[in-house]
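Report on the following structure.
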Amino acid sequence: MGKTFSRPEALSDAHTHYCPGCTHGIVHRLVAEVIDELGIRGRTVGIAPVGCAVLAYNYFTCDFQEAAHGRAPAMATGIKRVRPDLMVFTYQGDGDLASIGMGEIVHAANRGEKFTTIFINNAIYGMTGGQMAPTTMPGQRATTAPAGRDVEKTGMPMRMCELLSSLATPGYIARETVLKPKYINKAKKAIKKAFEFQKENRCFSFVEIVSTCPTNWGMTPLDAMKWAEDTLLPYYPLGEFKTPDA
Amino acid sequence: MAKVLMKGNEAIGEAAIRAGCKNYFAYPITPQSEVAEYLAKRMPEVDGVFVQGESEVAVGYMIFGAAGCGERVMTTSSSPGISLMSEALSYIAGARCPAVFVNIMRGGPGLGGILPSQGDYFQATKGGGHGDYRLLVMAPEGVQEAVEMTMKAFNLAEKYRGPVMILGDGLIGQMMEPVEFPENFDTTPTNKDDWATSGMDTRKSDKKNIVKSLFLDPKALNDHNLLLKSNYERMKQEEILYEGYNTDADYKVLIVSYGTMSRVCKTAIDTMKAQGLEIGMIRPQTLFPFPEKAVHEAAVKASCSHVVSIELNMGQMVEDVDRCVKGQRPVTWYGECGGDIPTPEEIIDHVKSLLNN
Chain A
1 MGKTFSRPEA LSDAHTHYCP GCTHGIVHRL VAEVIDELGI RGRTVGIAPV GCAVLAYNYF
61 TCDFQEAAHG RAPAMATGIK RVRPDLMVFT YQGDGDLASI GMGEIVHAAN RGEKFTTIFI
121 NNAIYGMTGG QMAPTTMPGQ RATTAPAGRD VEKTGMPMRM CELLSSLATP GYIARETVLK
181 PKYINKAKKA IKKAFEFQKE NRCFSFVEIV STCPTNWGMT PLDAMKWAED TLLPYYPLGE
241 FKTPDA
Chain B
1 MAKVLMKGNE AIGEAAIRAG CKNYFAYPIT PQSEVAEYLA KRMPEVDGVF VQGESEVAVG
61 YMIFGAAGCG ERVMTTSSSP GISLMSEALS YIAGARCPAV FVNIMRGGPG LGGILPSQGD
121 YFQATKGGGH GDYRLLVMAP EGVQEAVEMT MKAFNLAEKY RGPVMILGDG LIGQMMEPVE
181 FPENFDTTPT NKDDWATSGM DTRKSDKKNI VKSLFLDPKA LNDHNLLLKS NYERMKQEEI
241 LYEGYNTDAD YKVLIVSYGT MSRVCKTAID TMKAQGLEIG MIRPQTLFPF PEKAVHEAAV
301 KASCSHVVSI ELNMGQMVED VDRCVKGQRP VTWYGECGGD IPTPEEIIDH VKSLLNN
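Protein chains in written order, with the UniProt record's numbering: chain A, 1 to 246; chain B, 1 to 357.
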């Protein structure tokens, strides 16, 4: 009888440091499966961010570089421009990408850099301990917004897919989630498309994954999944926002 | 090849190409923008890469990413821009990637001015970015030396797996001089298979390469920093460069000066020699590692009664000079820090005033 389920070759057997109920593990697996299916592991370079995924290089079995906070898209630009034959992806959280690295991601997308960004949006700073992010919801509590996010003082949550989709440069921009099994296949399809567009040297590709942070939200994993579905998804709608063909 | 007349900034760009650097990322800033303008035209001619980044911060990481692949890469900037790149410099040093940074200095702090300065000596030689690291810093006195140092910088960056800085100033960037480019130069990046993220397919083994500066285990970070330190110690053994000027004479005063400023000093020394007054000079060509022994030995020469560090800043290198002289002679500073350059006559007046006091 053949094996029906096994660890992707692109994923190491290391134990991850992620908290229980966090979806980084699921997304790592989906990226690894896509790398395997496209047969690109030997020419892939991942870029780890600053934040919860800072140790991502321990979990994938391909070459990796580690960026500073927010700078992964600039680093990916450097790699991809000097080695266009490599498959390059950044893996970034919302504090990293939508706050300190806003300039880098917008300009990389606008230049049409031919790399792929996996963007994990859990509406909070995870690694630094639950501070407010640009993606934190109105009224959502954070250690630096103890009474909840006050939009009069901090503005509204940033919607990165919508923002990047406004750029005139062709690109692939999609938002998915892995909150329930029914979403996971769609998320994987989007990630695969994002890598395929890069493989075909067609466009910048960006997949946002609406995620959870039970630890910093102060919820059980199950409550976190429900809260994300009820609260985040209405504000961060799923789907493809832009394709290079459109 | 024959000598050609080139502007300093353009010559630096051409030198990079001739050193095998096909990858250049930059952000415009006076007084070095001509490097980007020159390479925007030249890089496509050699199938090279030029990207004008959205900021110096981003450019620093474009350089980091490209360097992490083991390719020869360079950026050029000027003082405020180098401040923005300093974050990346720290990361590149920490991740042990070879890269060449050219700083065509202008006056500071802050926006300062756009005229020549040597105000970034501290930043270049004492850190700039955070953490325990050093840059190998070379300071050219003119366009020819800027070309030679730029070319050499790529090999040195690879030898030590770290960033190397060419510290020029606005005058060197803007002036035109005849230059000759060294030939038969080794332009192949070296030693990259063991560490660079060039893709696992390019290696025989199934080993993945990781370019990073994160060491959460204190012992691992300690070991890593000691490895960096051993590289810096090796630089002190193998890479110190300096020029002695009129140091065979029994000079009364020793000048220590580098870059543009040292050329004016040479004119002043020649003039004083014709007047019967012997003045010597040590011109550091590497600012880190600093020519400590040479400065010390020149300072304690029996005929020498005073050491003066002449700089285009408010006195930065003078601290290193003082450290080398170890209290055996009085060490003072002379210079300008607003963008003007002292004339030979002003230097002569100052040196004579030292002897009269």
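C-beta atoms are modelled at their ideal positions from N, C-alpha and C, and glycine is treated no differently.
Think of a sphere of 9 Å around the beta carbon of A:Gly-103: the chain B residues whose beta carbon falls inside it are Glu-54, Ser-55, Val-57 and Ala-58, in chain order. The beta carbon of B:Gly-60 sits closer than 6 Å to the beta carbons of Met-85 and Ala-88 from its chain, once the five residues preceding and following it are set aside; these are given in chain order. Uninterrupted beta strand (DSSP E) stretches at least 3 residues long and entirely within the segment 67-111 of chain A occur at 87-93, given in chain order. Put simply, the segment 118-134 of chain A touches the segment 88-106 of chain A. At least three CB pairs are less than 8 Å apart. One finds nothing in chain B with a Cβ atom closer than 9 Å to the Cβ of A:Leu-222; even the nearest lies about 31 Å away.
Every alpha helix (DSSP H) stretch that sits fully inside the segment 3-78 of chain A and reaches 4 residues is listed by chain position as 24-38. In terms of CA proximity to A:Pro-214, A:Cys-22 leads the group A:Ser-12, A:Cys-22 and A:Ala-32. Listed along chain A, the residues sitting closer than 8 Å to B:Ser-213 by beta-carbon distance are Glu-66. Taking the Cα positions, B:Phe-215 is about 5 Å away from B:Leu-221. Residues of the same chain with a CB within less than 8 Å of the CB of B:Gly-280, apart from the 5 flanking positions on each side, are Gly-244, Tyr-245, Asn-246, Thr-247, Ala-249, Tyr-251, Val-253, Leu-254, Ile-255, Ile-269, Ala-298, Lys-301 and Cys-304 in chain order. CA-to-CA, the gap between A:Gln-131 and B:Val-307 works out to about 55 Å.
Secondary structure remark: continuous beta strand (DSSP E) runs of at least 3 residues inside the segment 124-189 of chain A, in chain order: 171-177. The beta carbon of B:Ala-36 sits no closer than 7 Å to any beta carbon of chain A. If you check the CB distance, B:Tyr-121 and B:Ala-93 do not come in under 7 Å. Sequence-distant Cβ neighbours of B:Asn-23 in its own chain, meaning closer than 6 Å and more than five residues away, are Val-49, Ala-66, Glu-71 and Val-73. Its chain contains Arg-96, Cys-97, Pro-98, Asn-191, Trp-195 and Asn-231 as the residues whose beta carbon lies nearer than 8 Å to that of B:Arg-161, once the 5 sequence neighbours on both sides are disregarded; these appear in chain order. Per DSSP, the continuous beta strand (DSSP E) segment holding B:Pro-178 begins and ends at 176-179. In the three-state DSSP reduction, B:Trp-195 falls in the coil class, being neither helix nor strand. Fully enclosed alpha helix (DSSP H) runs of no fewer than 4 residues occupy 121-126 of the segment 107-131 of chain B, in order along the chain.
With respect to chain B, the C-beta atom of A:Ala-109 has no partner C-beta closer than 7 Å. According to DSSP, residue pairing for A:Glu-208 in a beta bridge involves A:Phe-119 and A:Arg-175. Taking 7 Å as the CB threshold, B:Thr-125 stays off the interface with chain A.
If you draw a straight line from the Cα of B:Thr-332 to the Cα of B:Ser-309, it is about 6 Å long. In the DSSP assignment, B:Thr-260 falls within the alpha helix (DSSP H) that extends over 259-274. Considering only beta carbons, the part of the segment 18-29 of chain B lying closer than 7 Å to chain A consists of Asn-23 and Phe-25, in chain order. Contact of B:Val-49 with chain A is assigned, a C-beta pair being separated by under 7 Å. No residue range can be given for B:Leu-277, since it is assigned to no beta strand (DSSP E) and is classified by DSSP as neither H nor E. For the pair B:Leu-5 and B:Ile-341, the Cα-to-Cα distance works out to about 24 Å. With respect to the C-alpha of B:Phe-290, the residue from B:Gln-328, B:Tyr-334 and B:Glu-233 having the closest C-alpha is B:Glu-233.
Between A:Val-207 and A:Ala-228, the C-beta gap is not smaller than 7 Å, which leaves the two residues out of contact. Counting along the chain, B:Ile-166 sits inside the beta strand (DSSP E) bounded by residues 163-169.
In the assembly as shown, A:Ser-205 is a buried residue. Its beta-carbon has 16 or more other beta-carbons within 10 Å. Following the DSSP letters along the chain, one finds B:Ala-99 in no alpha helix (DSSP H) but inside the beta strand (DSSP E) bounded by residues 99-105. Within chain A, the C-beta atoms nearer than 8 Å to that of B:Glu-71 come from Val-82 and Arg-83, in chain order. Under a 10 Å Cβ-count criterion, A:Pro-20 is classified as exposed, with fewer than 16 other Cβ atoms of the shown protein chains found around its own Cβ. Boundaries of the alpha helix (DSSP H) harbouring B:Lys-219: 218-238, taken from the DSSP string.
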